[in-house]
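Chains as they are written, first to last, in full-length UniProt numbering: chain U, 1 to 339; chain F, 1 to 354; chain V, 1 to 309.
Spelled out as structure tokens, the structure:
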């Protein structure tokens with residue numbers, strides 16, 4: 001092999017000096033934790049699509065009731081039990097106002113001589129289901145967000161104090177949690193609801209009364225893990241105050257797990273609201289939520305299945321979207337997943 | 001000497017989200033019967049990947065063999081079917097992994113884990129396999145083997161578990177044993193015991209060993225020959241004396257200089273500057289040039305071939321080209337070379353290495 | 001271990017004590033006393049009943065008696081069903097709910113495990129995506145939506161099943177499937193994650209290095225290790241099933257505990273509500289306790305060796 005090599009020009013064997021600091025150069029651009037997470041979640045198509053669906057639903061909960069001229073709570077018995085009718089689509093043979101009357105299939109709009117359009121139909125009291133659906137979704141989302149927010153605040157504070165101060169404080173606080181965690185959520189939610197008058201706030205309180213426990217346990221676990229790590233010990237050695245350690249060193253490390261858990265708390269809250277309304281412990285008419293709408297629709301399933309399908313569809317879509325976003329965030333924020 | 005295994009021009013890439021990682025870039029070596037070949041190098045140099053590719057244990061979905069052969073018993077292991085390969089694994093070639101704490105199945109009694117290859121490859125019946133396993137456990141120095149066969153991995157210490165893993169590996173008297181950093185995860189005192197055990201067993205069953213490590217102290221202890229890997233290539237290969245007392249590649253110099261020794265006069269440890277090359281975009285010429293103070297112009301242009309130093313000793317550095325300038329290795333390395341007959345710094349009489 | 005179990009049992013009783021006290025307070029606070037439906041009674045008759053149920057005693061005495069009765073398994077008397085005692089009512093309805101729950105959990109976990117195994121072994125193939133989609137749907141969509149959909153498709157439209165009446169085992173098929181969706185999804189996701197993690201461990205690599213084939217690796221080595229942690233989700237799974245059964249039984253008109261519970265809520269039969277609540281609490285707390293103890297017994301082996309990461 002040396003034969004071939006001798007053809008190499010002599011000067012190629014000159015010694016050169018290489019700045020060895022060059023070799024230390026980091027070729028990848030440095031990304032902050034959140035930039036990195038954003039890059040990751042952007043690759044997760046399901047999460048991105050879910051985010052758009054969620055934005056659309058939230059937008060509709062505000063815009064929807066104004067898109068039609070019917071009031072979501074106005075009763076108009078003469079317009080009761082109308083099937084969906086949408087201008088344009090009606091010519092295609094769907095959403096054309098045809099529904100069942102007894103055992104016959106007829107166009108109920110023509111029969112009742114109604115010339116207005118109810119896009120998603122009306123319920124047994126003649127309330128417009130389109131505006132009711134979005135109004136109801138709005139209330140369901142409101143309940144879920146507020147409940148999740150309370151869970152996060154209480155859970156983080158409780159878990160944080162318990163984990164950070166440790167010792168006796170932790171002991172007592174954890175004994176309380178261990179007793180509370182034994183009480184089934186279903187049981188406590190039902191008992192709380194029965195104690196209070198039904199309304200948005202009773203539902204929120206009932207859902208959050210045990211909801212924070214999960215969050216507090218996770219936060220406590222994380223605080224325990226981080227508080228003895230070298231970077232916190234180093235900060236303490238340098239004389240950082242508790243406030244600074246919590247604010248600057250612990251909280252940023254907890255943010256990811258808090259956000260991910262909140263993402264899973266929201267669909268749980270949506271579910272419980274719908275569940276309570278379905279078994280008759282939720283909101284009372286004329287107020288609507290996804291749960292009450294599904295409950296109303298269920299009663300008429302044989303004759304007016306659309307009454308059930310629209311709210312059930314929106315509820316399912318919301319649950320799926322939140323779960324997929326939660327999954328996506330968990331994957332994106334989990335440092336273990338880094339390559 | 002009889003060649004047990006021969007790896008020829010092995011080239012291999014991983015397909016990752018970031019792109020194609022050229023993990024192995026043309027590796028050739030052979031292992032002779034009864035010898036121990038040590039492969040040394042930094043993390044990420046490709047030493048583990050090389051041996052896992054011999055066993056074909058790399059994830060199939062992301063691994064691409066680009067070129068090369070692994071010749072074993074007259075066959076190319078890269079070409080045979082997975083079913084054929086399963087008959088080779090554990091029978092002709094077996095493997096020991098780095099962390100004994102995780103390499104045993106936590107929910108399976110260790111007896112069953114040792115018997116598994118015996119039942120599979122040697123077609124022994126259960127009671128014979130049991131007897132053989134007890135024998136093996138005794139062989140690797142486990143007291144009360146009968147009783148311990150019925151225990152679960154968590155009832156053993158790290159050193160004991162590595163003994164069990166060795167017993168599993170040796171169950172079918174393999175022709176080749178691949179030990180992937182078998183002592184790295186162990187305490188220093190246990191390390192010595194395991195190394196002694198391996199040397200001892202190697203003599204008893206006459207197996208060849210490929211020993212992967214980054215610990216040059218271990219290499220000096222166990223190896224007959226040494227291959228130094230860097231950036232997915234073998235940069236220098238030779239007998240243990242040649243590598244320790246007549247190294248030619250600047251990277252080997254760096255490795256030897258950064259080895260702490262008890263009688264070191266300088267109190268500052270040498271460290272090789274920089275980081276290993278990014279194998280997503282490997283450098284064009286000599287991969288080590290950017291970290292080397294002995295770099296030549298051509299190092300940035302062309303990859304050096306393996307130059308022959310002796311019948312057993314090769315090194316891939318342009319410094320060995322006849323046109324290359326003479327350079328002096330770092331002082332501690334030069335000190336060593338003085339005691340090696342055949343090195344250019346040999347000082348004659350002093351009780352050399354051979 | 002004995003210490004741990006003792007500790008857990010003590011906490012269990014504290015939790016139950018709290019729930020029982022809460023139900024007692026509620027009984028006293030809520031409108032609709034046992035006599036609400038008996039306003040037409042004369043004062044003498046009312047006195048007799050007050051005396052009979054001890055309602056004239058001071059509250060603390062009533063409280064102690066109530067707790068004593070609970071301990072004996074006496075959950076009080078229904079208002080709605082003339083003088084039927086709640087425990088007997090619950091036990092009478094228990095059969096249907098147990099059939100549904102058992103079918104759902106067996107069917108759900110078996111299908112879920114199969115789906116999860118397929119997804120893990122055929123990772124990133126169409127099988128994996130299919131099973132992931134099923135899992136996401138099962139976790140997201142509430143069981144009562146499934147129940148209503150199943151009823152609409154198979155009972156109302158296709159008329160394969162009767163709508164709204166219990167007619168032997170056949171009537172339990174649809175509600176069991178609706179209830180099983182949650183367990184299917186949870187088990188599938190769980191097994192998939194566990195299997196993928198186990199398949200990436202060193203001991204699987206060693207098993208491969210020993211010459212084990214695909215089947216031996218998947219079933220002899222990985223499956224067991226992936227399956228054991230599934231015990232941990234059995235508690236939440238049971239809670240989910242119970243929640244689901246309340247509405248699913250109502251939708252399919254299954255004469256079980258859940259259906260009666262919802263009926264009692266709508267008719268303000270507090271005795272049944274409180275009794276059933278206590279019953280549910282005991283059921284869930286005991287299940288979670290058993291699961292934890294079970295896992296505690298198996299766990300050290302896994303925690304000490306496998307999951308050091």
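Think of the CB as a built atom: it goes at the ideal place given N, C-alpha and C, for glycine as much as any other residue. In this text, all values refer to a predicted model and were calculated from it rather than measured experimentally.
Secondary structure of residue 20/F, DSSP reduced to three states: Here the question's residue 20/F lines up with position 20 in the second chain. Looking at residue 20/F - three-state DSSP - the assignment turns out to be strand.
Residue 199/V - containing beta strand (DSSP E), residue span: In the third chain, the residue the question calls residue 199/V occupies position 199. Bounds of any beta strand (DSSP E) do not take in residue 199/V; it lies within the alpha helix (DSSP H) bounded by 173-199.
Closest residue to residue 71/U among 315/U, 311/U, 300/U, 286/U (Cα-Cα distance): Taking the first chain and counting its residues from 1, the one referred to as residue 71/U is at position 71. The candidate whose alpha carbon is nearest that of residue 71/U is 286/U.
Chain V contacts made by the segment 306-320 of chain U, where a contact means CB separation under 7 Å: For the segment 306-320 of chain U, which is checked against every Cβ of chain V, the residues closer than 7 Å are 308, 312, 315, 316, 319, 320.
Closest Cα partner of residue 322/F within the set 181/F, 307/F, 333/F, 289/F: Reading the second chain from its first residue, position 322 is the one you call residue 322/F. Answer by Cα proximity: 307/F.
Min CB distance residue 377/F to chain U below 8 Å: Residue coverage of chain F in this structure runs from 1 to 354, which leaves residue 377/F outside it and unanswerable.
Limits of the unbroken beta strand (DSSP E) element including residue 72/F: If you number the second chain from 1, residue 72/F lands on position 72. Looking at the DSSP string, the run of the beta strand (DSSP E) that includes residue 72/F is 63-72.
Cβ-Cβ distance between residue 359/F and residue 282/F below 8 Å: With chain F covering 1 to 354 only, the question about residue 359/F has no answer from this structure.
Cβ-based burial, residue 4/F [other Cβ within 10 Å; buried from 16]: Counted from its first residue, the second chain places residue 4/F at position 4. Label assigned to residue 4/F: buried.
Whole-Å CB distance - residue 38/F paired with residue 169/F, under 8 Å assumed: Along the second chain, read from residue 1 onward, the residue named residue 38/F stands at position 38. Along the second chain, read from residue 1 onward, the residue named residue 169/F stands at position 169. Contact doesn't hold; Cβ gap of about 17 Å is too wide.
Between the CA atoms of residue 231/V and residue 360/V - distance to the nearest angstrom: What the structure shows of chain V is the stretch from 1 to 309, and residue 360/V is not part of that stretch, so it cannot be assessed.
Where residue 288/F falls: helix, strand or coil (DSSP): One-based indexing of the second chain puts residue 288/F at position 288. Residue 288/F sits in coil when the DSSP states are folded into three classes, being neither helix nor strand.
Within 8 Å, strictly: CB atoms of residue 235/F and residue 316/F: As a position in the second chain, residue 235/F is number 235, starting the count at 1. As a position in the second chain, residue 316/F is number 316, starting the count at 1. Contact flag set, yes.
Chain U contact residues for residue 296/F, given Cβ-Cβ distances below 8 Å: As a first step, residue 296/F must be located in the second chain, where it is residue number 296. At a C-beta separation below 8 Å, residue 296/F has these neighbours in chain U: 12, 13, 14, 15, 16.
Test: residue 226/V CB closer than 8 Å to a CB of chain U: Locating residue 226/V in the third chain gives position 226, where the first residue counts as 1. Not closer than 8 Å to any Cβ of chain U, the Cβ of residue 226/V fails to qualify, so no.
Extent of the continuous beta strand (DSSP E) to which residue 315/F belongs: Position 315 of the second chain, counted from the first residue, corresponds to residue 315/F. First-last of the beta strand (DSSP E) with residue 315/F: 313-315.
Alpha helix (DSSP H) runs wholly inside the segment 215-264 of chain V, at least 4 long, in chain order: The segment 215-264 of chain V is shown to contain whole alpha helix (DSSP H) runs of 4 or more residues at 224-227, 231-251, in chain order.
DSSP three-state assignment for residue 253/U, whether helix, strand or coil: Residue 253/U sits at position 253 when you count from the first residue of the first chain. Note: residue 253/U maps to helix in three-state DSSP.
Span separating the alpha-carbon of residue 243/U from that of residue 235/U: Within the first chain, numbered from 1, the residue matching residue 243/U stands at position 243. Within the first chain, numbered from 1, the residue matching residue 235/U stands at position 235. So the alpha carbons of these two residues sit roughly 12 Å apart.
Beta-carbon separation (whole angstroms), residue 263/U vs residue 326/U, contact threshold 8 Å: Taking the first residue of the first chain as position 1, residue 263/U is located at position 263. Taking the first residue of the first chain as position 1, residue 326/U is located at position 326. About 3 Å separates the beta carbon of residue 263/U from that of residue 326/U, a gap short enough to meet the 8 Å contact definition.
Enclosing alpha helix (DSSP H) for residue 149/U [first to last residue]: Residue numbering aside, residue 149/U sits at position 149 when the first chain is read from its first letter. Segment 129-165, the alpha helix (DSSP H) holding residue 149/U.
Whole-angstrom C-beta distance between residue 31/F and residue 228/F, which should lie under 8 Å: Sequence index remark: in the second chain, residue 228/F carries index 228 (1-based). Sequence index remark: in the second chain, residue 31/F carries index 31 (1-based). That pair is no contact at about 16 Å.
Of the listed residues 328/U, 330/U, 261/U, 289/U, nearest to residue 311/U (C-alpha basis): By one-based count along the first chain, residue 311/U stands at place 311. Out of 328/U, 330/U, 261/U, 289/U, 289/U has the C-alpha closest to the C-alpha of residue 311/U.
Rounded C-alpha distance that separates residue 293/F from residue 325/F: In the second chain, the residue the question calls residue 293/F occupies position 293. In the second chain, the residue the question calls residue 325/F occupies position 325. Going by the C-alpha atoms only, they are around 13 Å apart.
Chain-ordered chain U contacts of residue 271/F [CB-CB under 9 Å]: Looking up residue 271/F in the second chain gives position 271. Those within 9 Å of residue 271/F in chain U number zero; the least Cβ separation is about 11 Å.
Proximal residues of chain V, C-beta to C-beta of residue 99/F below 8 Å: For the purposes of this step, residue 99/F is taken as residue 99 along the second chain, with counting starting at 1. By Cβ distance, chain V contributes 202.
Contact between the segment 249-267 of chain V and the segment 89-96 of chain V (3+ Cβ pairs under 8 Å): Taking one beta carbon from each stretch, the segment 249-267 of chain V and the segment 89-96 of chain V have 3 or more pairs nearer than 8 Å; the two touch.
Backbone CA spacing between residue 147/V and residue 176/V [nearest angstrom]: Translated into the one-based positions of the third chain, residue 147/V becomes position 147. Translated into the one-based positions of the third chain, residue 176/V becomes position 176. Rounded to whole angstroms, residue 147/V to residue 176/V spans 9 Å at the Cα level.
Interface residues of chain U facing residue 19/V [CB-CB closer than 7 Å]: Here the question's residue 19/V lines up with position 19 in the third chain. Neighbours of residue 19/V in chain U, taken as residues at a C-beta separation under 7 Å, are given in chain order as 183, 187.
Residue 128/V versus residue 108/V - alpha carbon distance: If you number the third chain from 1, residue 128/V lands on position 128. If you number the third chain from 1, residue 108/V lands on position 108. Their Cα atoms are separated by approximately 18 Å.
Check whether residue 81/U and residue 122/U have beta carbons under 8 Å apart: Here residue 81/U refers to the residue found at position 81 when the first chain is read from its first residue. Here residue 122/U refers to the residue found at position 122 when the first chain is read from its first residue. Against a cut-off of 8 Å, the Cβ pair of residue 122/U and residue 81/U comes out as a contact.
Boundaries of the alpha helix (DSSP H) in which residue 75/U is found, first to last residue: Sequence index remark: in the first chain, residue 75/U carries index 75 (1-based). Segment: none, residue 75/U is in no alpha helix (DSSP H) and carries neither H nor E.
Straight-line gap, residue 138/F to residue 107/F (C-alpha atoms, nearest Å): As a position in the second chain, residue 138/F is number 138, starting the count at 1. As a position in the second chain, residue 107/F is number 107, starting the count at 1. Rounded to whole angstroms, the gap between the alpha carbons of residue 138/F and residue 107/F is 23 Å.
Which of helix, strand or coil DSSP assigns to residue 25/F: Along the second chain, one-based indexing puts residue 25/F at 25. Three-state DSSP puts residue 25/F in a strand.
Alpha carbon of residue 50/U to alpha carbon of residue 139/V, nearest angstrom: Here residue 50/U refers to the residue found at position 50 of the first chain. Here residue 139/V refers to the residue found at position 139 of the third chain. Taking the straight line joining both Cα atoms gives about 15 Å.
Range of the contiguous beta strand (DSSP E) that encloses residue 226/F: For the purposes of this step, residue 226/F is taken as the residue at position 226 of the second chain. Residues 225-230.
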